[in-house]
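Report on the following structure.
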Amino acid sequence: MFKALLFSLSLLISFNLRCQLASHLKDSFDHVFRDRWEYYVVVKNGLFGVVDTNYQLIIKPEYDFISPSWSGVFRVKKNNKWGIIDTSGKLVIPLNYDNIGPTGSHLFCAKKNGKWGLLDTLNRWIIPAEMDNNFNMYREAVVKKNGRYGVMSYTGQVIIPIKYKKCRNIKDPFSYVFSNGIFSKVYHKLDDDRILLDFKNYKNNLSLKYVKSFQVDNLYGLKNSNDSVILKPQFIRMLPFSEGLAYAMGDSFNGYIDTNGRQVIRLGRPYLGQSFKHGSANIYTYTGKKINGFEQYVSGSIDRNGKIIIPVIYRSLFKNPNGKYLAYTDSSIVFIDSNGNKTLEHKVDSFNHYEKYRRQVDEDMIAVEDEHYFLSYDKMGFINKQGNEITGLKYDLIYRFDNKTDVLIVKDKNLYGLITTLGKEILPLIYDNIEFQKLQSSHLKLKQNGSYGLFNVADSLVINCEYENIRGESEGLMASSKNGKWGFINSKGEVIIPFIYDSVTNFYENESKVVKGEKKFKINRLNGVIP
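Letter by letter, the sequence shown follows residues 4 to 534 in our numbering.
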């Protein structure tokens, strides 16, 4: 028993010593970029290096810039040239390029002499440096050449001809919108609400895997990427493809077609369809009633087999990012799981349209499994993942800005504060606004009486509202203004670069463009002038 106690005590002492050593090593650096990978980028005396999670040195600080890890490698910059370095410190791609970035599949989009191309790990061009744009290549990417757009594969093969004048992004990540139509991928497998492409089929059918809608005499049909007709114009209404399916309505068909033009889901005539999202689609039908001159409808949801998973009875229905549903009736707010089962029903006095919820919550809020938000008139409530109703219908707005902390931003009577997911107050509702930076949760921007401060979430530290402006964090620094001049602070409120500039840009790759009087130049994070 005594030996076991001594052994436990020695383990505890050893653990404490390791923690103290890690803390000491961490403090030896000027800044540490902590992210989700097993390596951290560090800064010492203005130069960048890499350490492991115990702050043991992997790459000594000798580079002008190192980006956080991506697929086990780092983008590095030295003397205005870029390359790729691995976790052992070996240069995979030499420092010969104007810019470079990992793109997936162990490939690198690189810039040389003003043009972009694709390199492999042996520093060979798969796609020559002839493109106008920096493209993110996974299996394929939109490329621009001589002002025209198309799609190329990671093998260098042209999938969609590079001939279109315009290209824009849409929310469906598996479609491309060019100047003459929407190209949608042919899907081969659906598993657990995630679309998976059959890799063998992908390689063998690159030129056949996209389709686009076209219109003749107000009727819609389908063509492939070579402009060959797959389906003659026959639909009076057709939505863009989403997850490989598109709602279409004609004289003899009302339902969903696939990218081969096959009629795969037939809806009853009263129903109308919407686009698929995360493996399901809302359908709706009009009730024949009008309110304030607008026709009223009820909604439900179907899966990819056309099976109704949410009955068509709700005044409004939408799917949360966690796969669950929020639905409204005239007298209640209903929470429904991914199998269509009611998990919670909250009674309200009357129906409230959900557009405010969608605008302020659905687009910005981080979803956490089993957490719920409910809304009635202009008040919101919160139910945590333990199923406990924390707030009641108390706040004008509640939202979680990050899933790594148990902090919620709340608003009431035009004032903001912070609470925990257990309802404990962190900051009182005394602020004119509390803002967060997407994909970055180390601090929140506070506004009070026209001045700005910070709340450091990691350290629960409040930086007083004494600045005229504070921008979002970029590479560990925030551009801030005081007494009409700009400088930089960190998330602890420490002044890193003094307030001496008339204007500054956010740091990007360890450079900020500044103006001081009539002079314009670049500085690094040590406030040194960059030639």
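We put the CB at the ideal spot given by N, CA and C, even for glycine.
Identified DSSP bridge partners for residue i
i	result
serine 445	According to DSSP, which records beta bridges pairwise, serine 445 is partnered with nothing at all.
isoleucine 105	Looking at the sequence itself, residue 105 is proline, so the reference to isoleucine does not match. Answer is Phe111.
glutamate 428	Ile422
serine 454	Gln451
leucine 464	Asn459
arginine 403	Leu411
aspartate 306	Ser283
glutamate 392	Ile386
glycine 224	Phe217
phenylalanine 338	Leu329, Leu347
lysine 118	Lys115
valine 53	Val44, Ile62
aspartate 89	Val76
phenylalanine 502	Note: phenylalanine 502 sits in no beta bridge, so no partner.
leucine 248	Ser245, Asp261
glycine 490	Ser483
Outcome for residue i when other beta-carbon atoms lying within 10 angstroms are tallied against a minimum of 16
i	result
lysine 292	exposed
isoleucine 96	buried
phenylalanine 458	buried
glutamate 374	buried
proline 105	buried
proline 273	exposed
arginine 269	exposed
aspartate 333	exposed
glutamate 497	exposed
arginine 127	exposed
threonine 262	buried
aspartate 254	exposed
serine 228	buried
valine 460	buried
tyrosine 331	buried
asparagine 83	exposed
threonine 424	buried
tyrosine 328	buried
threonine 394	buried
leucine 464	exposed
isoleucine 260	buried
arginine 265	exposed
The beta strand (DSSP E) enclosing residue i, as first and last residue numbers
i	result
phenylalanine 238	232-241
asparagine 285	283-294
phenylalanine 256	Neither: phenylalanine 256 is in no beta strand (DSSP E) and is coded neither H nor E.
glycine 326	Where glycine 326 is concerned, there is no enclosing beta strand (DSSP E), given that its DSSP letter is neither H nor E.
valine 35	34-36
glutamine 266	266-269
threonine 346	345-350
asparagine 436	436-440
aspartate 135	Taken as a continuous stretch (DSSP letters only), aspartate 135 belongs to no beta strand (DSSP E), as it is neither H nor E.
arginine 474	Here arginine 474 belongs to no beta strand (DSSP E), and DSSP marks it neither H nor E.
glutamate 512	Where glutamate 512 is concerned, there is no enclosing beta strand (DSSP E), given that its DSSP letter is neither H nor E.
asparagine 82	Looking at the DSSP string, asparagine 82 is not in any beta strand (DSSP E), and its letter there is neither H nor E.
tyrosine 167	161-167
arginine 151	151-156
glycine 479	Here glycine 479 belongs to no beta strand (DSSP E), and DSSP marks it neither H nor E.
leucine 125	Note, leucine 125: premise wrong, no beta strand (DSSP E); not H, not E.
glutamate 521	From DSSP, glutamate 521 is part of no beta strand (DSSP E); its letter is neither H nor E.
C-alpha gap between residue i and residue j, whole angstroms
i	j	result
arginine 403	valine 44	28 Å
aspartate 462	isoleucine 437	17 Å
lysine 166	phenylalanine 279	29 Å
leucine 94	cysteine 170	35 Å
serine 506	lysine 448	20 Å
valine 46	proline 64	7 Å
phenylalanine 181	glycine 303	32 Å
arginine 318	serine 70	48 Å
proline 131	isoleucine 499	42 Å
cysteine 468	lysine 407	25 Å
isoleucine 401	lysine 414	7 Å
serine 445	arginine 474	14 Å
asparagine 136	valine 214	24 Å
tyrosine 504	glycine 343	58 Å
aspartate 409	serine 156	42 Å
serine 335	leucine 347	10 Å
glycine 153	methionine 134	11 Å
leucine 480	lysine 322	37 Å
Cβ-Cβ separation, residue j to residue i (assumed contact under 8 Å), whole Å
i	j	result
serine 477	tyrosine 511	7 Å
cysteine 112	leucine 125	With a Cβ gap of about 16 Å, cysteine 112 and leucine 125 do not count as contacting.
glycine 490	proline 501	5 Å
glycine 276	isoleucine 286	5 Å
asparagine 99	glycine 86	7 Å
Contact with chain B by residue i, beta-carbon distance below 8 Å
i	result
tryptophan 128	Absent here is chain B; the protein component of the structure consists of one chain.
The ligand ATP heavy atom lying under 7 Å from the CB of residue i
i	result
lysine 148	Absence of the ligand ATP from the depicted structure is noted, as is the absence of any ligand whatsoever, leaving it without description.
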